[in-house]
Each structure stands twice: as structure tokens, then as C-alpha cells.
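Asker:
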Amino acid sequence: MLVLKKLLMILMIFSNQVFADQQEKNYSILTDIAEVIEIFTQCSRMTPSFRTSYSRLDAELVEKIETKLPEAFERLAAGKKIELDDYYRQYVSFGMLRRELVYISAIHKEAANEWAGDDVKRKEALANWQTKSVNICGGKGLHWGAIYDGSGDIISEIIFNSAAKK
Numbered sequence: 002m003l004v005l006k007k008l009l010m011i012l013m014i015f016s017n018q019v020f021a022d023q024q025e026k027n028y029s030i031l032t033d034i035a036e037v038i039e040i041f042t043q044c045s046r047m048t049p050s051f052r053t054s055y056s057r058l059d060a061e062l063v064e065k066i067e068t069k070l071p072e073a074f075e076r077l078a079a080g081k082k083i084e085l086d087d088y089y090r091q092y093v094s095f096g097m098l099r100r101e102l103v104y105i106s107a108i109h110k111e112a113a114n115e116w117a118g119d120d121v122k123r124k125e126a127l128a129n130w131q132t133k134s135v136n137i138c139g140g141k142g143l144h145w146g147a148i149y150d151g152s153g154d155i156i157s158e159i160i161f162n163s164a165a166k167k
């Protein structure tokens with residue numbers, strides 16, 4: 002009985018640490034196919050429209066892409082620097098013919114909270130950003146999407162949200 006209690010205690014400590022690690026990350030990998038498709042329906046920025054497949058995304062690859070984002074911003078966004086901690090990032094993997102690509106949708110935290118305001122549906126969407134696609138119209142160029150191309154191991158484009166349509 003004592004051994005079982007110790008084992009359960011170790012499992013609880015380990016699972017709490019895993020849960021804490023997941024909570025601290027500012028990115029998520031969307032896996033539900035409906036959410037993966039939904040992430041491409043942004044209303045104020047272009048997204049890849051020609052997609053031939055969807056696949057599971059490896060967390061190790063996401064970690065690699067995360068390290069490439071600051072340099073990609075300097076290269077693709079006229080030297081603009083970003084603070085990754087200011088953003089929630091949603092990752093999905095998709096195919097375009099024979100190329101495997103990754104789409105990153107980034108949501109500026111502060112601007113997203115302003116967007117949500119007192120709207121219950123928006124607050125719920127934002128609260129569930131780790132599993133549900135969040136699409137914000139407008140955003141004063143703070144929200145953005147990027148494409149990672151594994152064949153060249155490079156982030157090939159970054160596109161910012163335009164102003165919201167009235």
C-alpha cells in the first residue's frame with residue numbers, strides 16, 4: 002500500500018509538471034481537422050488557399066520554428082523585431098502538392114483582449130486558443146501569419162492583418 006501511495010504521488014508530481022510546462026507555452030498545435038481548416042479563414046490577411054492535405058505536426062519541429070521566428074521577422078518584416086511572449090501562436094501542418102508546410106497564426110495578446118472586450122463568444126474563443134482557431138479581423142497590423150517551408154528549412158513569408166473592414 003505504501004509503495005502504491007508513493008507511486009501515485011510521483012505520478013501526480015510528474016503530471017503536474019507536464020501540465021505546468023504546457024500552460025507556460027505561448028503556442029499550441031491545433032490537431033482537430035475542423036480547427037485546422039478554420040485557421041485558414043482569416044478575415045483580414047491572406048492565407049494559403051491551395052492546400053492539398055493536412056497532417057499531424059511534430060512538437061520538435063514547432064520548437065525549431067519558434068527559434069527561427071525572430072530572425073525571420075528581421076529578414077521579412079523590414080527589420081521589425083517581435084517579442085514572442087507578446088503573442089499566442091497556433092501551428093498547423095498542411096500540404097501543397099508534394100510540399101509539406103507549416104502555417105503559424107499569431108495573435109497579439111493585448112490586442113486580442115481588447116478585441117474580446119465584453120463579448121462572451123470572443124472571450125470564450127480567446128480562452129480556448131490552445132485548441133480552437135482564433136480569427137481576429139483587423140488588429141492594426143499586430144496579428145500575423147507565417148509560412149514555414151521544411152524543404153528549405155526557412156520561414157518564407159510573414160503577412161500582417163490589415164485594418165478591419167467596416
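My numbering puts the first residue of the sequence shown at 2, with every later residue one more than the last. Glycine included, each C-beta is placed from N, C-alpha and C at the ideal position.
#1: Taking the CB atoms as reference points, tell me whether L85 and F95 lie closer together than 8 Å.
#2: Between Y92 and I30, how many whole angstroms is the CB-CB distance? I'm expecting something under 8 Å.
#3: Which class does A60 belong to by DSSP, given the choice of helix, strand or coil?
#4: What is the C-beta distance between I156 and Y149, in whole angstroms, given that I count them as a contact (C-beta under 8 Å)?
#5: Helix, strand or coil for I148 per DSSP?
#6: What first and last residue would you give for the beta strand (DSSP E) that runs through R90?
#7: Shortest alpha-carbon distance to N136 belongs to which of F51, E36 and K26?
#8: Taking all protein chains shown into account, decide if S54 is buried (16 or more other Cβ within 10 angstroms of its Cβ) or exposed.
#9: Can you list, in chain order, the residues of its chain whose CB lies under 7 Å from that of A78, leaving out five sequence neighbours each side?
#10: When the Cβ atoms of the segment 122-141 are set against those of the segment 41-58, are three or more pairs found closer than 8 Å?
#11: Would you tell me roughly how many angstroms separate the C-alpha atoms of F20 and E67, rounded to the nearest one?
#12: Which parts of the segment 27-77 are runs of the beta strand (DSSP E), unbroken and 3 residues or longer, counting only runs that do not cross its ends?
#13: Nearest to H144 by CA position, among R76, T32 and N114, is which residue?
#14: By how many angstroms is the C-alpha of K110 removed from the C-alpha of G153?
#15: Using only alpha-carbon positions, find the residue among E39, N162, T42 and Y28 that is nearest to A112.
#16: Using the three-state DSSP reduction, which class does A128 fall into: helix, strand or coil?
Answerer: If we stick to the structure as given:
#1: no
#2: 5 Å
#3: helix
#4: 5 Å
#5: strand
#6: Y88 to M97
#7: E36
#8: exposed
#9: I159
#10: yes
#11: The predicted position of F20 is uncertain, since its pLDDT is 38 and thus under 50; a value taken from the coordinates is nonetheless stated next. Distance between the alpha carbons of F20 and E67 is about 20 Å.
#12: 28-30 and 54-56
#13: N114
#14: 30 Å
#15: N162
#16: helix
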